[in-house]
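Novice: Residue 169 is where the sequence shown starts when you use this note's numbering, and the numbers rise one by one after that. Ideal placement from N, C-alpha and C gives every residue a C-beta, glycine not left out.
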Amino acid sequence: MDIGSVSKNTQNMNKYVGVMAELKLRTHVIGMFLSGQQNAVYKASNIETVGLQFRKVFELIVFASLTAHKELYSAVYSDFAKHWEAAKLVKRLREINPQFYPEPVIQVPSNKPGVKMDLTSRQPDYLTAESLIDAHGRCGSLMHAANPYGRETDYAFFEASFPGWLSKTVNLLNAHLVHLPGDTGFYLVQMGREDHPSWTPFAPRSVDKQGEA
């Protein structure tokens with residue numbers, strides 16, 4: 169990876185991990201509610217509170233990708249600052265970069281001399297872009313009071329779905345790669361246990377989809 173590419177993308181990647189930091193705090197709030205360490209007095213309000221946090225988490229994942237692609241996206245969509253609908257953003261980001269979505273990886277000890285860790289693609293136990301769009305849309309029903317003459321809110325569905333959504337979101341973001349158009353390398357983003365999320369630039373990977381750390 170050339171120094172020019174890293175320098176050009178530094179501001180965007182710093183903004184990206186800034187969004188990741190907020191996202192990390194919101195997943196912590198979700199975890200506190202799901203574990204019972206925090207509550208909003210009664211069941212419906214608990215579920216609605218967690219649903220709001222999930223909706224923001226899903227939006228932040230997409231907005232983080234937007235920050236990483238700011239120059240290219242703004243060149244195509246001049247009113248990009250007004251864009252907020254997750255489904256539309258995903259569609260537009262995919263059009264300008266098919267690899268816009270975070271690529272989750274697992275770090276494993278390396279047998280290569282001088283290399284501490286290898287990066288391997290994660291198994292499909294993470295939140296996909298399609299699942300994000302679906303879950304984001306479903307959470308919309310929790311944002312408004314239910315019409316007494318309409319369909320009742322299915323609180324049981326959300327209560328059953330929340331743990332899986334949280335687990336898959338953590339698996340997606342814990343360690344993931346960011347690919348930027350025109351950049352031959354990639355960026356490893358690590359959420360960290362207690363620390364602020366960080367990013368590290370890497371040179372291109374070999375065709376076996378492994379990187380070195």
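(1) Report back the beta-carbon spacing between Trp367 and Val230 to the nearest angstrom; my notes put them in contact at under 8 Å.
(2) Using DSSP's beta-bridge definition, name the partner residues of Met285.
(3) Is Arg361 buried or exposed, if buried means 16 or more other CB atoms sit within 10 Å of its CB?
(4) Is the CB-CB distance between Ser299 and Asp286 below 7 Å?
(5) To the nearest angstrom, report how far apart Asn265 and Pro316 are at their CA atoms.
(6) Tell me whether Arg223 is buried or exposed, calling it buried when 16 or more other Cβ atoms sit within 10 Å of its Cβ.
(7) DSSP three-state label for Ser299, please.
(8) Could you check the C-alpha separation between Asp376 and Ser289 for me, to the nearest Å?
(9) What residues are listed by DSSP as bridge partners for Ala328?
(10) Counting pairs of beta carbons, one from the segment 190-202 and one from the segment 253-262, are three or more of them closer than 8 Å?
(11) Enumerate in chain order the residues of its own chain whose CB-to-CB distance from Lys238 is below 6 Å, with the five nearest sequence positions on each side excluded.
Specialist: In this structure, then:
(1) In fact, because the Cβ distance is near 18 Å, the residues do not count as touching under 8 Å.
(2) Pro277
(3) exposed
(4) No, the Cβ-Cβ distance between Ser299 and Asp286 is not below 7 Å.
(5) Between the alpha carbons of Asn265 and Pro316 lies a distance of about 44 Å.
(6) buried
(7) helix
(8) Its pLDDT being 44, under 50, Asp376 is placed unreliably in this model, and the coordinates cannot settle the point.
(9) Ala328 pairs with nothing; no bridge assigned.
(10) Remark: fewer than three beta-carbon pairs, one from each stretch, lie closer than 8 Å, so the segment 190-202 and the segment 253-262 are not flagged as touching.
(11) Asn180
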